[in-house]
Ligand SMILES: Nc1ncnc2c1ncn2[C@@H]1O[C@H](COP(=O)(O)OP(=O)(O)OP(=O)(O)O)[C@@H](O)[C@H]1O
Ligand SMILES: [Mg+2]
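Residue numbers (my numbering): 0 to 254.
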């Protein structure tokens, strides 16, 4: 099972859009995906139309609940969801000072049957706090969506530093598996320049696929569907399918 944390502490960089639509596009390719919503804003959870997730993953963090008890089906083939709830807002404080708080999620995920899902995808909140550190401790790979409007290189440097610290202290197998340029507006030279700068700085770490700006992607959460269902012929559907293909291809390259 590949374990991928979708992380960027910068708000609005495309994490949830990528988590949901990559999960759905992998599902369409017959890969079984467990999507974990780790954001107190619950954006991925409400995207799937789950309105009353009870306490969701909060139970796992603060009440020692079992992940298997809170997994929901979704209307997307091959995709299951571990919902978040606004209770998570209090998790940071509830866990402060608790011994082993950074590895709660990892210990819980160890209990999942290893052959039940092919991918575990974690949607992180826009902060480098205890929830994101839990995701980084539980994952093997980090996928970093970057909004291609303004290049926030300092923010990326800070994220990479956090990944390095988690790798050194908690999770030696953690790697950045890719940087994904999101919201690339093909009509402006500026967006292209940012993608080029990213490639110049991070080379092969940047996915060949770029996610173009596409209003259909912004619309689909209100309809409770991922882009491949909401508008299967849109640019957004095309781009996330291409990303899924590229993510799957990484497995062959590693062998
Ligand atoms: N390729 C795209 N084209 C158009 N709009 C997009 C695209 N990707 C994301 N958006 C929109 O940009 C906004 C931010 O995206 P998203 O919620 O995925 O970011 P996020 O990193 O999860 O944000 P947060 O940090 O708040 O969790 C949303 O309104 C989303 O609909
Ligand atoms: Mg989000």
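Beta carbons: idealized from backbone N, C-alpha and C, even for Gly.
None of these values were measured; they are calculated from a predicted model.
Listed as beta-bridge partners of residue 36 by DSSP are 122. If you draw a straight line from the Cα of residue 123 to the Cα of residue 39, it is about 9 Å long. For residue 1, the secondary structure class from DSSP, reduced to helix, strand or coil, is strand. Cα atoms of residue 170 and residue 159: separation of roughly 14 Å, rounded to the nearest angstrom.
The straight-line gap separating the alpha-carbon atoms of residue 125 and residue 12 is approximately 9 Å. Within 8 Å of the C-beta of residue 161 there is not a single heavy atom belonging to ligand 1. Within the segment 171 to 225, the alpha helix (DSSP H) runs of at least 4 residues that lie entirely inside it are, in chain order, 188 to 201 and 214 to 218.
Judged by beta-carbon spacing, residue 155 lies beyond the 9 Å limit of residue 165, meaning their Cβ atoms are not closer than that value.
Ligand 1 has no heavy atom closer than 8 Å to the beta-carbon of residue 153. Only residues of its own chain outside the window of five on either side were considered, and among them 1 have a CB closer than 8 Å to the CB of residue 250, listed in chain order. Sorted by position in the chain, 14, 15 and 42 make up the residues whose C-beta lies under 5 Å from a heavy atom of ligand 2. Each of 79, 24 and 138 was checked against the Cα of residue 244, and the nearest Cα belongs to 24. Within the model, the alpha-carbon separation for residue 53 versus residue 189 is close to 44 Å.
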